[in-house]
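*Asks:* Have a look at the structure that comes next, please.
Residue numbers (the numbering used here): 1 to 171.
Put into structure tokens, the structure is as follows:
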């Protein structure tokens, strides 16, 4: 009689342990599957934003949702003469948003800071003339004078005025 009583208890213990183990496996697999689904990058978590103007790397950027304008500016690398006076760096970016960073034509440059022809082009000087001016600056360095600029063929009074408003000679 004791043997049959033990067999009944043993069956109940066996089925109880089996149920507990299978329940634990099912519940843990449910949580693992949900975690894997949530860790996949979702297209809705990213936004696409386009930036042009006074930046070194214009184009389209994909950023995390909730990113701010400053995050975009760090990626696109602002040029020295970028005008951010009308741009709030803390605004949240929206999907498909387009930005144009204007050039600050009022900014003055030391002659030694003009290390790229693009700086002159962004001041409103045409490419061919900007290249001539840039080459003259590279050639003469800090010894350049206004007379040197005036000797450039094709440089008129308007361009000279732009240069005088924008360039500071180092003394």
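Glycine included, every Cβ here is placed at the ideal spot set by N, Cα and C.
1. Specify whether the stretch 18 to 36 and the stretch 55 to 67 touch according to this definition: at least 3 beta carbon pairs, one from each stretch, less than 8 Å apart.
2. What did DSSP end up calling residue 159 once you bin it into helix, strand or coil?
3. Whole angstroms are fine: how far does the CA of residue 47 sit from the CA of residue 169?
4. Round the Cβ separation of residue 92 and residue 70 to the nearest angstrom and send it over; I've been treating them as touching at under 8 Å.
5. Pick helix, strand or coil for residue 67, following the three-state DSSP scheme.
6. Quick one: what's got a C-beta closer than 8 Å to residue 26's C-beta in the same chain, skipping five residues either side?
7. Runs of 3 residues minimum, wholly inside the stretch 8 to 47: which ones carry the beta strand (DSSP E) assignment?
8. What are the uninterrupted segments assigned as alpha helix (DSSP H) that are 4 or more residues long and contained completely in the stretch 113 to 150, given in chain order?
*Replies:* Looking at the atomic coordinates:
1. Remark: fewer than three beta-carbon pairs, one from each stretch, lie closer than 8 Å, so the stretch 18 to 36 and the stretch 55 to 67 are not flagged as touching.
2. Residue state, collapsed to three classes: helix.
3. Near 45 Å, if we compare the C-alpha coordinates of residue 47 and residue 169.
4. With 8 Å as the limit, residue 92 and residue 70 do not qualify as a contact, their Cβ atoms being about 11 Å apart.
5. It is coil, neither helix nor strand.
6. The same chain holds no residue with a CB closer than 8 Å to that of residue 26 once the five nearest residues on each side in sequence are set aside.
7. You should have found no qualifying run.
8. The stretch 113 to 150 contains these whole alpha helix (DSSP H) runs: 117 to 122, 127 to 140 and 146 to 150.
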